[in-house]
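Here is the structure we will look at, set down as structure tokens.
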Amino acid sequence: MKTLYFIRHAKSSWDFPQLADDERPLTEKGIKRTKKVGTYLENNEILPDLIISSYANRAFHTAQIIAKKIGFPEKNIKIDRSIYSSNIDNIFSIIFGIPNNYNSVMLFGHNPTFTNLANYFIENKIENLPTSGFVSIEFDTENWNEIVNCKIINTTIIFPKEL
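Residue 35 in this note's numbering sits at position 35 of the sequence shown, with consecutive numbering throughout.
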């Protein structure tokens, strides 16, 4: 079985027009909501084998907050620069390239790609994966490159406002 977790970055600030988009920091509200999601993950004993994050400050900081909360070593977070401007096909390329010895992987990135990724797999489509939104999908396969064609065992979607 393979489990894919993905989280959209936390709410970021637009208060610094001098910063490039990929440098924007998180807001306090974004940090607070991400910590709530982290508590949910911690309480449900969700600890991935691998975390991969966009290099954008807002995504990487979100990944750091979650990693700390669930006990994943922050130094082991992998950065994939292509997540920042990805489309769903690029995300699939990243997933298909994950070594099969990792059974659970958590991705941190951006919309609209993460909403599209969720909707690719889930039956009840969502309009928008909100900031700090969490999706979990369990696949009945031992190979990451088979996830698009295999049975889905379970899905979970968490919106931070629900916590």
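Using N, Cα and C, we set each Cβ at its ideal position, and we do this for glycine too.
Practice task
Please classify Val148: is it buried, with 16 or more other beta-carbons within 10 angstroms of its beta-carbon, or exposed?
Solution key: exposed
Handout entry: CA nearest to the CA of Tyr40, picked from Ser132, Tyr120, Leu107
Key = Ser132
Exercise for the section: Please confirm whether Ser136 and Thr155 have their CB atoms less than 9 Å apart. Expected result: yes
Practice task
Tell me whether the beta-carbon of Tyr84 lies closer than 9 Å to the beta-carbon of Leu50.
Solution key: no
Handout entry: Nearest-angstrom Cα separation, counted from Pro160 out to Phe134
Key = 8 Å
Problem - Assumed close pair Phe72, Leu47 - CB separation to whole angstroms, cut-off 8 Å - result: Yes, they are in contact, since the Cβ atoms of Phe72 and Leu47 sit about 6 Å apart, within 8 Å.
Problem - Start-end ranges of the alpha helix (DSSP H) lying completely within the region 99-126, minimum 4 residues - result: The qualifying runs are 113-121.
Practice task
Can you say whether Lys68 is buried or exposed, counting buried as having 16 or more other CB atoms within 10 angstroms of its CB?
Solution key: With fewer than 16 other beta carbons inside 10 angstroms of its own, Lys68 counts as exposed.
Practice task
For the region 9-63, list the alpha helix (DSSP H) runs that are entirely contained and at least 4 residues long, ordered along the chain.
Solution key: 28-43
Practice task
Per DSSP, which residues does Tyr5 bridge with? Please list them.
Solution key: Met106, Ser136
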